[in-house]
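Chemist:
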Amino acid sequence: SKILFNNEIIERNNIVDIEDRAYQFGDGIYEVIGVYNGTPLMLDEHMERLKRSAREIRLNLPEPTANLKRRLEELVSVNDLEEGIIYMQISRGIASREHYFPGDDVPPVTVAYTREEDRMTDVEDQGAKAVLADDIRWLRCDIKTLNLLPNAMAKQEAVENGAVEAILHRGNTVTEASASNVFMVKDGALYTHPADNYILNGITRKKLLQLASELGIKTHEETFTVDELLAADEVFVSATKLDVIPILKVDDHTIDNGLPGNITQKLVKAFRSLYEQDPES
Ligand code: PLP
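One point on numbering: in the UniProt record's numbering, the residue at position 187 of the sequence shown is 188, and numbering is uninterrupted.
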């Protein structure tokens, strides 16, 4: 398949440069965008977040996001992608290895590719297990940067324990999961960590909060503790392409009756309606 490389769509080949700052410092930002029925979902929202990430790490985007957006749509089209993701990263560029930023003459390096990926509808319907892990990340988790080693280590722990996710906590406070946001339901209301520097403000998270409000579900962007999580009526995680995954067990604690909850299922359904094609049309 083809890739986007600095505003050109070319054959995928070995493009890594040893002095690309993404490679040596994780100095760059990225986005993962879900593609459903050949259409990227919430692409504008992803572009807005990319712009914010760039601003926060003081990286000048190589071109307006409107152009990037058009290029990504083109990539989906030339690769005939129906179901899957677009991955895009922008690094601070290739320069002689020094920790400080290179000069303005060094352009950022943009790479994007697509990957076929099936929807996780089975897990969405049946639910899955999660483990708890210490949140050992830095204090700017709101920026979608390439530095994902703590996330990778937490996810590995989950996988080794037969779980889909590692739910992270700083002290007693649940923040998010290794690659998704965490929600809980208590007494009919939905809770998730506020969008501050301790979490990535997920595009799926934001959409789910909106859908919940539309369904008349009370939403609270408030912190909650590990004990509150374990005592919740429902728990789920959300992320691009994962969408909404009910969490039935956290470590050895079964959440409520161990079945996907009512509000979780409502949100699964509401989220699906964003991309499911109307059979009449
Ligand atoms: N939190 C983290 C740490 C993530 O890596 C992700 C990415 O998938 C999310 C949350 C969810 O964000 P989004 O819904 O935009 O995919």
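The C-beta atom is built at its ideal place from N, Cα and C for all residues, glycine as well.
Fully enclosed by the region 167-251, which beta strand (DSSP E) runs are 3 residues long or longer?
Modeler: Here the runs fully enclosed are 174-178, 182-187, 190-193, 220-222, 235-240 and 244-251.
Chemist: Could you tell me the boundaries of the alpha helix (DSSP H) in which Val125 lies?
Modeler: To locate residue 125, count along the sequence shown from 1; it is residue 124. Note on identity: in this sequence residue 125 is Glu, with Val being the wrong assignment. That run of the alpha helix (DSSP H) goes Thr122 to Gln127.
Chemist: Counting pairs of Cβ atoms below 8 angstroms between the region 113-121 and the region 78-85, do you hit three or more?
Modeler: Yes: the two stretches touch, three or more of their Cβ pairs being nearer than 8 angstroms.
Chemist: Which stretch, first to last residue, makes up the alpha helix (DSSP H) that contains Ile264?
Modeler: For the purposes of this step, residue 264 is identified with residue 263 of the sequence shown, where counting begins at 1. Segment Asn263 to Tyr276, the alpha helix (DSSP H) holding Ile264.
Chemist: What's the C-alpha gap between Pro247 and Asn14?
Modeler: Working through the sequence shown from its first residue, we reach residue 247 at position 246. Working through the sequence shown from its first residue, we reach residue 14 at position 13. Cα to Cα, Pro247 sits roughly 38 angstroms from Asn14.
Chemist: Which residues does DSSP pair with Arg116 in a beta bridge?
Modeler: Working through the sequence shown from its first residue, we reach residue 116 at position 115. Bridge partners of Arg116: Ile86.
Chemist: Does Leu140 pass the burial test, meaning 16 or more other C-beta atoms within 10 Å, or should it be called exposed?
Modeler: For the purposes of this step, residue 140 is taken as residue 139 along the sequence shown, with counting starting at 1. That one is exposed.
Chemist: Comparing alpha-carbon positions, which option in Thr122, Asp21, Arg98 and Gly203 lies nearest Glu46?
Modeler: Here the question's residue 46 lines up with position 45 in the sequence shown. If we check each option's Cα against that of Glu46, Gly203 comes out closest.
Chemist: Please confirm whether Ala233 and Asp257 have their CB atoms less than 9 angstroms apart.
Modeler: Position 232 of the sequence shown, counted from the start, is the residue given in the question as residue 233. Position 256 of the sequence shown, counted from the start, is the residue given in the question as residue 257. Going by C-beta atoms, Ala233 is nearer than 9 angstroms to Asp257.
Chemist: Taking buried to mean at least 16 other C-beta atoms within 10 Å of its own C-beta, is Lys219 buried or exposed?
Modeler: The residue labelled residue 219 in the question sits at position 218 within the sequence shown. So Lys219 ends up on the exposed side.
Chemist: Check for me: the alpha helix (DSSP H) holding Val107 runs from which residue to which?
Modeler: By 1-based counting over the sequence shown, the position of residue 107 is 106. Run containing Val107: none; DSSP gives neither H nor E here.
Chemist: Flag Gly27 as yes when its Cβ comes closer than 8 angstroms to any non-hydrogen atom of the ligand PLP, and as no otherwise.
Modeler: The count along the sequence shown starts at 1 and reaches residue 27 at position 26. Not so, every heavy atom of the ligand PLP lies at least 8 angstroms from the Cβ.
Chemist: Is any heavy atom in the ligand PLP found nearer than 8 angstroms to the beta carbon of His47?
Modeler: Looking up residue 47 in the sequence shown gives position 46. It does: the Cβ of His47 is within 8 angstroms (strictly closer) of some heavy atom of the ligand PLP.
Chemist: Rounded to whole angstroms, what is the Cα-Cα separation between Asp18 and Asp126?
Modeler: Residue numbering aside, residue 18 sits at position 17 when the sequence shown is read from its first letter. Residue numbering aside, residue 126 sits at position 125 when the sequence shown is read from its first letter. If you take the alpha carbons of Asp18 and Asp126, they lie about 43 angstroms apart.
Chemist: Where Thr174 and Glu12 are concerned, what is the direct C-alpha to C-alpha distance, given to the nearest angstrom?
Modeler: Here residue 174 corresponds to residue number 173 of the sequence shown, with the count starting at 1. Here residue 12 corresponds to residue number 11 of the sequence shown, with the count starting at 1. Going by the C-alpha atoms only, they are around 46 angstroms apart.
Chemist: Quick one: any contact between the region 131-139 and the region 62-69, if contact means 3 or more CB pairs under 8 angstroms?
Modeler: Too few Cβ pairs lie closer than 8 angstroms, so no.
Chemist: Asp143: which of Val245, Pro109 and His194 sits nearest, CA to CA?
Modeler: Against the sequence shown, residue 143 aligns to sequence position 142. Selected option, being the one with the closest Cα: His194.
Chemist: Is the closest heavy atom of the ligand PLP to the C-beta of Leu201 under 8 angstroms?
Modeler: The sequence position of residue 201 within the sequence shown is 200, counting from 1. The answer is yes for Leu201.
Chemist: Determine the closest residue to Ala240 out of Ala178, Gly39 and Met185, with distance taken between C-alpha atoms.
Modeler: Locating residue 240 in the sequence shown gives position 239, counting from the first residue. Answer by Cα proximity: Ala178.
Chemist: Apart from the five residues just before and just after Gln266, which ones in its own chain have a Cβ nearer than 8 angstroms to its Cβ?
Modeler: Indexing the sequence shown from 1 puts residue 266 at position 265. Contacts found: Pro247.
Chemist: If we count the other Cβ atoms within 10 Å of its Cβ and call it buried at 16 or more, is Asp197 buried or exposed?
Modeler: As a working mapping, residue 197 is identified with position 196 in the sequence shown. Per the 10 Å Cβ criterion, exposed.
Chemist: Would you report the Cα separation of Asp244 and Glu20, rounded to the nearest angstrom?
Modeler: Translated into positions along the sequence shown, residue 244 becomes position 243. Translated into positions along the sequence shown, residue 20 becomes position 19. Computed Cα separation, rounded: 35 angstroms.
Chemist: Does the beta-carbon of Thr205, which I'm using as the reference point, lie nearer than 8 angstroms to any heavy atom of the ligand PLP?
Modeler: One-based indexing of the sequence shown puts residue 205 at position 204. Yes, Cβ of Thr205 sits closer than 8 angstroms to a heavy atom of the ligand PLP.
Chemist: Can you grab the Cα-Cα spacing for the pair Gly172 / Arg138, in whole Å?
Modeler: Indexing the sequence shown from 1 puts residue 172 at position 171. Indexing the sequence shown from 1 puts residue 138 at position 137. Cα to Cα, the separation comes out at about 13 angstroms.
Chemist: Does the ligand PLP have even one heavy atom less than 8 angstroms from the beta-carbon of Glu222?
Modeler: By 1-based counting over the sequence shown, the position of residue 222 is 221. Incorrect: Glu222 has no Cβ contact closer than 8 angstroms to the ligand PLP.
Chemist: Within the present structure, is the beta-carbon of Asn182 separated from the nearest heavy atom of the ligand PLP by less than 8 angstroms?
Modeler: In the sequence shown, counting from the first residue as 1, residue 182 sits at position 181. Because some heavy atom of the ligand PLP lies under 8 angstroms away, the Cβ of Asn182 counts as near it: yes.
Chemist: Return the CA-CA distance between Ser214 and Phe184, expressed in angstroms with no decimal places.
Modeler: Here residue 214 refers to the residue found at position 213 when the sequence shown is read from its first residue. Here residue 184 refers to the residue found at position 183 when the sequence shown is read from its first residue. Cα to Cα, the separation comes out at about 14 angstroms.
Chemist: How big is the Cα-Cα spacing for Val77 and Glu229?
Modeler: Here residue 77 refers to the residue found at position 76 of the sequence shown. Here residue 229 refers to the residue found at position 228 of the sequence shown. Cα-Cα distance, rounded: 42 angstroms.
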